[in-house]
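Undergrad: For the sequence shown, the numbering used here gives the first residue as 27, with consecutive numbering after it. Built from N, CA and C at the ideal position, the CB exists for glycine as well.
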Amino acid sequence: MKATIALCFLFVYTALQLVACIPQIVKILRTKRADDLSLASWLVWIATDLSYLGYVLLETPEIGVIFIAMLDLVSNMTVFLLTAYYQKHNKRKRSCR
Numbered sequence: 027m028k029a030t031i032a033l034c035f036l037f038v039y040t041a042l043q044l045v046a047c048i049p050q051i052v053k054i055l056r057t058k059r060a061d062d063l064s065l066a067s068w069l070v071w072i073a074t075d076l077s078y079l080g081y082v083l084l085e086t087p088e089i090g091v092i093f094i095a096m097l098d099l100v101s102n103m104t105v106f107l108l109t110a111y112y113q114k115h116n117k118r119k120r121s122c123r
């Protein structure tokens, strides 16, 4: 019973993580802008996910939990990389004008 409840919490966590990241990814790709996003905050999220993934790899042999931890990391890294790219890309465009 405890394991089932724990997995439910993990599912909710991952669903909310994706609900938070996917619209941000879509918005960045549509607008091709990320000026109002903080790279530092996304680096903190990535560090958080790396810590969680490290814990999971050391403590949980379940492939599903490892997959979820990696999915969280990939979603935050995607936002970070898109943000970094478009902030740099749009800065170059403005300086060329």
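Are Leu107 and Leu79 touching if we call contact CB-CB under 8 Å?
TA: no
Undergrad: Between the beta-carbon of Thr104 and the beta-carbon of Ala60, is there less than 8 Å?
TA: no
Undergrad: Can you tell me which of the three DSSP states Glu85 falls into?
TA: Per DSSP, reduced to three states, the secondary structure at Glu85 is helical.
Undergrad: With three or more beta-carbon pairs closer than 8 Å as the criterion, would you say the region 44-64 touches the region 74-92?
TA: no
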